[in-house]
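What follows is a single structure, written as structure tokens, with notes after it.
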Amino acid sequence: MRAQTATAVRLRAVSVDTRLADRLGPGLVSVGSVHSIHDRAVNVRTADGLLCCLATGDLEDAPRTVRIDADSWATARWDVGAPVDVDLTGATGWLPSPADLSGLTPSGLLRAAAAIDRQLPRPAGRTDFERASADLLGRRTTQLAAALQAQDAAATTRTAEALVGLGAGLTPSGDDVLTGLLVLAAAEGMRLASARPALRAAVADRLEARTTAVSAAMLTEAADGRARQRLHDLVAAIAADSADGDLATAIRRVREIGHSSGADVLAGMRLGLTVESLLRSSTTGHRPRRTPSPDWSPTSTDPHPQERET
Amino acid sequence: MTRHIDIRKNTYLDSVSLMSMSTKANAVEGVTQALLGMATPMNKEVLLNVGVQDPAIDAAKPSDLMIVIDAADDVIEDAIRAVNDILARKTRSADGAAEGRYRTLDGAFAEVPDTNLVLISVNGAYAAREARKALAAGKHVMIFSANVSVEDEIELKNLAHAKGLLLMGPDCGTAILNGTGLAFANAVRRGSIGIVGASGTGSQEISVRVHDFGGGVSQLIGTGGRDLSAEVGGLMMIDGIEALAADPETEVIVVVSKPPAEEVADKVLGVLGGTGKPAVVCFLGSPRTESGYPNVQLVSGTKPAALAAVLATGVDESTLDLHALNIPLIEEVRAKLAPEQKYVRGLFCGGTLCDEAMFAALAKFDNVHSNIQKDPAYVLGATDASREHTFLDMGDDDFTDGRPHPMIDPSLRLQRLVQEADDPEVGVIAMDFILGFGAHEDPVGVTVPAIEEAKAKAAARGQHLEILGYVLGTDLDTPALAGQVAQLEAAGVTIASSSTNLGLLAREFVAKGDNR
């Protein structure tokens, strides 16, 4: 085991989530200290407790993420707890814009749901734990769909809460499902927008006590309609309602996330599309809202109040 | 039955690692089940539901990894040790603590002076410079980078030879040295068969077939694809053969390459003849049948090469499953195809696998097109539509320009697969799936939706589209061979048992009567 290095790792950014950039300030900034290390991404905890991510330039943009220039990444040596400096000068800002799904008919939404369904794997759990958690995930997802369809806010919050931290993986399956649903619900023109306060309430309280730190960060961002770029690309492909090939490719790209995370995200989006279709077809003469719902505020002051070092 | 519960504080492994660890842990002999999950309240509740309860679990936090092992009493200690080994390996590679990152080779040599091999994977323009530094420091070199000039290659190989070092590459994609796989490699048993290969996936295929026939690999040395050209003259191949000749663990030597320059082939055969060790040579597509040396056997394909090598170690052939061609299967598939479905489309990640299937087709058909065809009249570019029988090496430069190799990024092949299904004259689509170190984490899973889409397209016009797959890998690989094969079978894909059989089956499926 090597001794920990005292000097900060210094890196050049290629692009940065603009919200994170606002928080960090311009130029050469001290980001925080290394929390955990993966092959192509390193999580860093800022002094005020926000978990953010440094990723190699070949990965995509994502919330709380700084993509790092390949040459300077190659020079980095990571140690948990070591300080990290990043030079943000010249980095491109990343700001995902919500797609507009108001133009889709109920059957258009169902077509997109079916396209996702075609690509969902049907894995059988191997261990008791995997079987039991998959079973529970299936039942609770169904309950959540019913609550959303009934537009029952209390039941929506309760059933969504029961998905947090459930299942295998560093981002447990239930969190991935919620992420897919939250990102879809944040698109413009969604009847599901009325369920967003109830869904957000489910992921607002003591999140790091209920799931892993990485997953808590993912959920908090998803509650604001923000996720890694390929999820936004998929919502945009659904909005375009065009060539099947483009949609299938966008779905495949999401499916490729992690081991089963991508499939779980897709399951959440499929759920959202199905419920949205039902909501739209049940209201005669309904015109979906084009304006963001009142709780949507891309510049909300502190979107991560529960992110604190434990 | 004994239950072992272990809580690893603040253990952040990515989901892919967690899943592969769970798979491996459950494969440990004597383990009834091994459960791995992050200790979130919901997951603890799930464990409670399946009857797992423990104060250590109650106290665990969401950032902790829970490990529960149920195993028979007499093997629980072994099982714990095996699971801990897997964990230790995973944590080491995940937390970066055991691997340093250095700005320069000099920096690395200063910190870890006892390193004896350098793998170079930088832009080809700088690879030779780095290789010179490594050789100067007395290290063996493997150059993964392509686009190194032939002049540099010759100079580097002569320099390495003078110093008694290996210079594998450039464009060397695979090696297994002392049991460690470098770049793309499969997890195979160690044993007494040494391989020197100028074709990367050909070497991988032979190592996997050797493993399947119960044999093992002592060393697998790559030379780079240009080594047996007239210019380079087989410098590394000959050094590799001599290294294996001197290696007491190596009893049999296997050489695999596309057809070399004639004078180089003579030289290589001569060196093999001089080793006195039994040797098997596979010059894919070469018309030669006689080596001229009693200890050197020439074979026509990768599977015959592996079989000959295993038999040369003294194994009794009658004890082996030879995976003979399944003749009833051929009849069955022929019956399903419509008369107009007379062509094969091969979409390959592995260059040698593509070659081998193409040569099998060429033995029976004239109208075989490919981006790696030698006959200019039958050469297809990456953007050309397929024609008649088409075999594409999608790992070749014209397909990989500006994008990762299809063994890592399957997107282009997936598109092509769906596209080929639009052609009503296509009867068979043949595909390889390559497992192992460096390859895609789930090459089959990522392809299944496209396979289903392709089959559905053909079905919509009333045709059966035969998809023939071959998975290059072993059950020691991650993901394991069996799981990948099962996924393909579930998607209605016919499985070939080797690269050689893939080529033969694809050809025979469409070879109804005389359709030359």
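Chains E and B are the protein sequences, given in the same order.
Final position of the first sequence in the UniProt record's numbering is 310; the numbers increase by one with none missing.
Final position of the second sequence in the UniProt record's numbering is 516; the numbers increase by one with none missing.
Where is the CB? At the ideal position from N, CA and C, for every residue including glycine.
Taking the CA atoms as reference points, serine 386 of chain B sits about 8 Å from glutamate 420 of chain B.
Listed in chain order, the non-local C-beta contacts of valine 66 of chain E below 6 Å within the same chain comprise Ala13, Val16, Leu54 and Val86, local neighbours out to five positions each way being set aside. Look at threonine 212 of chain E: its C-beta is under 8 Å from a C-beta on chain B. As DSSP reads the structure, glutamine 297 of chain B sits in a beta bridge with B:Val280. A residue is called buried when at least 16 other Cβ atoms come within 10 angstroms of its Cβ; serine 121 of chain B does not meet this threshold and is exposed.
Neighbours of asparagine 49 of chain B in chain E, taken as residues whose beta carbon is under 7 Å from its own, are Ala132 in chain order. DSSP places proline 41 of chain B in the uninterrupted alpha helix (DSSP H) bounded by 41-49. For arginine 118 of chain E, the nearest beta carbon of chain B is closer than 8 Å to its own beta carbon.
Across the region 145-170 of chain E, CB contacts with chain B closer than 9 Å involve Ala162, Leu163, Val164, Gly165, Leu166, Gly167, Ala168, Gly169 and Leu170, in sequence order along the chain. Within the model, the alpha-carbon separation for glutamate 161 of chain E versus glycine 181 of chain B is close to 45 Å. Residues of the same chain with a CB within less than 6 Å of the CB of phenylalanine 359 of chain B, apart from the 5 flanking positions on each side, are Gly285 in chain order. Taking a C-beta distance under 8 Å as the contact criterion, alanine 306 of chain B and arginine 209 of chain B qualify as a contact pair.
When DSSP states are grouped into helix, strand and coil, proline 26 of chain E belongs to the coil group. The DSSP-derived three-state label of glutamate 251 of chain B is coil.
For valine 66 of chain E, the enclosing beta strand (DSSP E) begins and ends at 65-68.
For threonine 89 of chain E, there is no enclosing beta strand (DSSP E), since its DSSP letter is neither H nor E. Residue-level contact by beta carbon holds for threonine 75 of chain E and chain B, with a gap shorter than 8 Å. Counting only residues of its own chain and dropping the five nearest sequence neighbours on each side, serine 192 of chain B has a CB closer than 7 Å to the CB of Gly216, Ser218, Glu249, Thr250, Glu251, Val252 and Thr313. Burial is judged here by how many other beta carbons sit within 10 angstroms of a residue's own beta carbon; aspartate 384 of chain B has fewer than 16 and is exposed.
Going by DSSP, arginine 210 of chain E is part of the alpha helix (DSSP H) stretching over 207-210. With contacts defined as CB atoms closer than 8 Å, aspartate 176 of chain E and serine 261 of chain E qualify as a contacting pair.
Judged by DSSP secondary structure, glycine 108 of chain E falls outside any beta strand (DSSP E) and instead within the alpha helix (DSSP H) spanning 106-119. By the C-beta density criterion, tyrosine 126 of chain B is exposed, having fewer than 16 other C-beta atoms within 10 angstroms.
Its Cα nearest to that of aspartate 79 of chain E, the residue E:Arg45 stands out among E:Ala186, E:Arg45, E:Ala154 and E:Leu95.
In the pairwise beta carbon analysis, the region 135-148 of chain E is classified as not touching the region 92-110 of chain E: fewer than three pairs are separated by under 8 Å. Valine 14 of chain E carries a strand assignment under DSSP once its states are collapsed to helix, strand and coil.
Around threonine 302 of chain B, the same chain offers Gly202, Glu205, Ile206, Arg209, Val256, Cys282, Leu284, Thr352, Glu356, Ser498, Ser499 and Thr500 as residues with beta carbons nearer than 8 Å, after the five sequence neighbours per side are excluded. For alanine 491 of chain B, the CB contacts under 7 Å within the same chain, skipping 5 residues up- and downstream, are Val448, Ile451 and Glu452 in chain order. Excluding five sequence positions before and after leucine 65 of chain B, the CB atoms of its chain that fall closer than 6 Å to its own CB belong to Arg8 and Thr11, given in chain order. For proline 449 of chain B, the closest Cβ of chain E is nearer than 8 Å. Distance from the CA of leucine 481 of chain B to the CA of leucine 120 of chain E, rounded to the nearest whole angstrom, comes to 21 Å. Residues of chain B with a Cβ closer than 7 Å to the Cβ of serine 261 of chain E are, in chain order, Ser15.
For serine 63 of chain B, the neighbours in chain E by C-beta distance under 7 Å run, in chain order, Thr212 and Ala213.
From the listed residues B:Asn147, B:Asp152, B:Ser149 and B:Lys157, the smallest Cα separation to histidine 140 of chain B is found for B:Lys157. Tryptophan 94 of chain E is bridged by DSSP to E:Asp17.
At a cut-off of 8 Å between beta-carbon atoms, threonine 40 of chain B makes contact with chain E.
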